[in-house]
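Asker: Take this structure, written in C-alpha cells, and hold onto it; I'll ask about it next.
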Amino acid sequence: MPPRLAHLHFGSRLVALLLAGAGPGLLAESGHSVEIVLPADTVMFAPSSLKGFSAAQANCVVCHSTEYIRSQPPLSLAAWTAEVKKMKKVFGAPIADDQVEPIAHYLAETYGPARAPASGTPAPK
Ligand code: HEC
Numbered sequence: 048m049p050p051r052l053a054h055l056h057f058g059s060r061l062v063a064l065l066l067a068g069a070g071p072g073l074l075a076e077s078g079h080s081v082e083i084v085l086p087a088d089t090v091m092f093a094p095s096s097l098k099g100f101s102a103a104q105a106n107c108v109v110c111h112s113t114e115y116i117r118s119q120p121p122l123s124l125a126a127w128t129a130e131v132k133k134m135k136k137v138f139g140a141p142i143a144d145d146q147v148e149p150i151a152h153y154l155a156e157t158y159g160p161a162r163a164p165a166s167g168t169p170a171p172k
C-alpha cells in the first residue's frame with residue numbers, strides 16, 4: 048500500500064475514534080469548531096526517597112497516566128510485584144529485570160496497605 052493511502056486510513060480511524068468518544072453532540076456540531084476539555088491527567092508519582100520512585104516514574108507512565116496505578120486498592124507487595132511483572136510480560140513494558148523489585152517496593156510502600164486512606168472512591172475492579 049502506498050504511504051499516502053496508509054496515512055489516509057489512519058486519519059479516518061482517528062476521526063472515527065474522536066467521534067465515537069464525543070458522542071452525538073459532536074456529530075450534530077459537524078462543520079463548526081468544537082472545544083473539548085479533557086480532565087486533568089497526572090503523570091507524577093508521589094515523590095519518595097525510595098529507589099523505585101524514579102524507576103516507576105521512568106517506566107510506568109509511558110503507556111498510561113499514574114491514575115491507573117493510584118486508583119488501585121491498597122495492594123500488598125506481592126500483588127504490586129505481580130502487577131509490575133504483568134505490565135512487563137503481558138503488555139511488553141520495557142522494564143529491566145532488576146527494576147521490578149524496587150518499583151514494586153516503592154508502589155507497595157506508597158500505594159499499599161500502609162498508605163493514608165485514599166480520599167476518593169477506589170475504582171471498581
Ligand atoms: C507497555 C505499556 C505499559 C507500560 C510501560 C506500563 N503499563 Fe500498566 N497497563 C498497560 C495496559 C495496556 C493496561 C491495561 C489498560 C486497560 O485495561 O484498559 C495497563 C493497566 C495497568 C493497571 C490497571 C490494572 C491492570 O492490571 O490492568 C495498573 C495498576 C498498571 N497498569 C500499573 C503499571 C505499572 C506499575 C507500571 C510500571 C511498572 C506500568 N503499568 C507500565 C500498559 C502498560
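Quick note on numbering: the sequence shown equals residues 48 to 172 in my numbering. Positions of the beta carbon are idealized from the N, C-alpha and C atoms, including for glycine. Bear in mind the structure is a predicted one, so any value in this text is a computation, not a measurement.
1. Quick check: the Cα distance between Val81 and Lys135, rounded to an integer number of angstroms?
2. Any idea what DSSP makes of His111, helix, strand or coil?
3. Can you determine whether any heavy atom of the ligand HEC sits closer than 7 Å to the C-beta of Lys29, and answer yes or no?
4. How big is the Cα-Cα spacing for Ala155 and Ser95?
5. Nearest to Cys107 by alpha carbon, out of Pro160, Gly139 and Arg162?
6. Tell me which same chain residues have a C-beta within less than 7 Å of the C-beta of Arg117, skipping the five on either side of it?
7. Is the beta carbon of Gly99 closer than 8 Å to that of Ile184?
8. Is Lys133 near the ligand HEC, judged by its Cβ being under 7 Å from some heavy atom?
9. Return the CA-CA distance between Leu73 and Ala126, expressed in angstroms with no decimal places.
Answerer: With the structure as the only source:
1. 38 Å
2. coil
3. Since the first and last residues shown for the chain are 48 and 172, residue 29 lies out of range.
4. 12 Å
5. The residue with the shortest Cα to Cα distance from Cys107 is Gly139.
6. Here the set comprises Tyr158.
7. Since the displayed the chain opens at 48 and closes at 172, residue 184 lies outside it and no answer follows.
8. yes
9. Here Leu73 scores only 49 on pLDDT, less than 50, and its place in the model is too uncertain to base an answer on.
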